[in-house]
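Contents: one structure, followed by commentary.
Numbering (my numbering), first residue to last: 51 to 275.
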């Protein structure tokens with residue numbers, strides 16, 4: 051992922067300053083436990099529904115019930131993997147002046163090719179349907195148009211790299227969240243999150259404390275947005 055950072059232009063004042071610490075890390079940008087509890091409950095519900103289908107006596111509806119269980123479970127699993135557990139890559143750099151981060155969503159290297167394949171497949175499906183059933187043009191023009199727009203967006207998708215920076219004297223309130231291994235600088239209306247590896251916490255605190263304002267308040271606990 052570091053090679054992707056070549057396209058990011060880092061400010062001159064930070065480039066010329068002394069590099070104190072720098073690292074790259076993948077992390078979940080938000081707590082997921084409550085969403086995962088909800089998904090687990092739904093998975094359990096559809097699982098029970100599926101097993102109920104095997105004991106259902108009416109053959110006319112048995113297959114429908116059996117199909118109504120796995121399909122939502124597969125969709126929930128995809129939602130859990132693709133959205134809830136979607137990690138973000140962070141590349142941090144801290145200097146005498148402050149800190150900066152480049153961050154982007156974590157996707158496998160082959161993800162852009164998959165998105166392009168899906169968009170091309172969608173275009174082929176729509177054009178084939180209209181070629182075989184031209185009479186359906188008026189009734190499907192809305193959904194088909196939306197599908198083609200989505201396919202076009204997928205085809206031109208790029209994993210955007212975002213950039214943020216701050217100076218040490220910008221914040222006067224710091225939350226040390228050891229449970230999630232991160233430190234948050236707070237200052238209304240902005241905040242700056244620093245995700246750390248387990249063995250980096252004390253080292254980063256030693257770098258940070260002498261450079262923060264003297265009236266900075268330090269709080270240890272779980273940080274909430």
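We put the CB at the ideal spot given by N, CA and C, even for glycine.
Predicted, not measured: the structure shown is a model, and the values here were computed from it.
- Query: Between residue 245 and residue 214, is the Cβ-Cβ spacing less than 8 Å?
  - Reply: Within the chain shown, numbered from 1, the residue matching residue 245 stands at position 195. Within the chain shown, numbered from 1, the residue matching residue 214 stands at position 164. Cβ distance not < 8 Å, so residue 245 and residue 214 don't count as in contact.
- Task: Check whether the Cβ atoms of residue 220 and residue 237 lie closer than 8 Å to each other.
- Result: Taking the first residue of the chain shown as position 1, residue 220 is located at position 170. Taking the first residue of the chain shown as position 1, residue 237 is located at position 187. Taking 8 Å as the Cβ cut-off, residue 220 and residue 237 qualify as a contacting pair.
- Determine the direct distance from the alpha carbon of residue 103 to that of residue 150, and round the result to whole angstroms. In the chain shown, counting from the first residue as 1, residue 150 sits at position 100. In the chain shown, counting from the first residue as 1, residue 103 sits at position 53. Their Cα atoms are separated by approximately 55 Å.
- Message: With H, G and I counted as helix, E and B as strand and the rest as coil, what does DSSP make of residue 154?
- Response: Locating residue 154 in the chain shown gives position 104, counting from the first residue. Strand, per DSSP.
- Taking DSSP as the reference, what is the three-state secondary structure of residue 212? The count along the chain shown starts at 1 and reaches residue 212 at position 162. Strand.
- Item | Per DSSP, the bridge partner or partners of residue 139 | Locating residue 139 in the chain shown gives position 89, counting from the first residue. Paired residues: 76, 154.
- Task: Whole angstroms is fine: what's the gap from residue 208's alpha carbon to residue 152's?
- Result: For the purposes of this step, residue 208 is taken as residue 158 along the chain shown, with counting starting at 1. For the purposes of this step, residue 152 is taken as residue 102 along the chain shown, with counting starting at 1. So the alpha carbons of these two residues sit roughly 15 Å apart.
- Are the beta-carbon atoms belonging to residue 123 and residue 96 less than 8 Å from one another? Position 73 of the chain shown, counted from the first residue, corresponds to residue 123. Position 46 of the chain shown, counted from the first residue, corresponds to residue 96. Against a cut-off of 8 Å, the Cβ pair of residue 96 and residue 123 comes out as a contact.
- Message: I'd like the span of the alpha helix (DSSP H) that includes residue 294, first residue to last.
- Response: Only positions 51 to 275 of the chain appear in the structure, and residue 294 is not among them; the question remains open.
- Task: Assuming residue 71 and residue 254 form a contact by the criterion Cβ under 8 Å, report the distance between their Cβ atoms to the nearest whole angstrom.
- Result: Reading the chain shown from its first residue, position 21 is the one you call residue 71. Reading the chain shown from its first residue, position 204 is the one you call residue 254. Yes, they are in contact, since the Cβ atoms of residue 71 and residue 254 sit about 6 Å apart, within 8 Å.
- Indicate the three-state DSSP secondary structure (helix, strand or coil) for residue 272 in the structure shown. Within the chain shown, numbered from 1, the residue matching residue 272 stands at position 222. Under the three-state reduction of DSSP, residue 272 is assigned to coil, being neither helix nor strand.
- Task: Compute the Euclidean distance between the alpha carbons of residue 211 and residue 163, then round it to the nearest angstrom.
- Result: Counting from 1 along the chain shown, the entry for residue 211 is found at position 161. Counting from 1 along the chain shown, the entry for residue 163 is found at position 113. Residue 211 and residue 163 have their C-alpha atoms roughly 19 Å apart.
- Can you list the alpha helix (DSSP H) stretches of 4 or more residues lying completely in the stretch 213-270, in chain order? Correct list: 251-258.
- Item | Neighbourhood of residue 249 by C-beta, 7 Å cutoff - its chain only, sequence neighbours within 5 removed | As a first step, residue 249 is located in the chain shown; it is residue number 199 there, counting from the start. Excluding residues within five positions, none has a Cβ falling inside 7 Å.
- Query: Ordered along the chain, which non-local residues of its own chain (more than five positions away) have a Cβ less than 8 Å from that of residue 173?
  - Reply: Taking the first residue of the chain shown as 1, we reach residue 173 at position 123. Here the set comprises 198, 201.
- Task: Grab me the residues of residue 229's own chain with a C-beta within less than 8 Å of its C-beta, minus the 5 sequence neighbours each way, in chain order.
- Result: On the chain shown, position 179 is the one that residue 229 refers to. 272, listed in sequence order.
- Item | Rounded straight-line distance, which links the Cα of residue 89 to that of residue 135 | The residue given as residue 135 occupies position 85 in the chain shown. The residue given as residue 89 occupies position 39 in the chain shown. Each residue's Cα considered, the two are about 12 Å apart.
- Query: DSSP state of residue 145, grouped into three classes?
  - Reply: Residue 145 sits at position 95 when you count from the first residue of the chain shown. Residue state, collapsed to three classes: strand.
- Message: Is it buried or exposed, residue 84, if we count other Cβ atoms within 10 angstroms and call 16 or more buried?
- Response: Here the question's residue 84 lines up with position 34 in the chain shown. With fewer than 16 Cβ atoms within 10 Å of its Cβ, residue 84 is classed as exposed.
- Item | Given residue 224 as reference, the closest of 154, 82, 235 once Cα atoms are compared | Reading the chain shown from its first residue, position 174 is the one you call residue 224. Closest option to residue 224, Cα to Cα, is 235.
- Query: residue 69 and residue 145: beta carbons closer than 8 Å?
  - Reply: Sequence index remark: in the chain shown, residue 69 carries index 19 (1-based). Sequence index remark: in the chain shown, residue 145 carries index 95 (1-based). Contact flag set, yes.
- Where residue 182 and residue 175 are concerned, what is the direct C-alpha to C-alpha distance, given to the nearest angstrom? For the purposes of this step, residue 182 is taken as residue 132 along the chain shown, with counting starting at 1. For the purposes of this step, residue 175 is taken as residue 125 along the chain shown, with counting starting at 1. C-alpha separation (whole angstroms): 11 Å.
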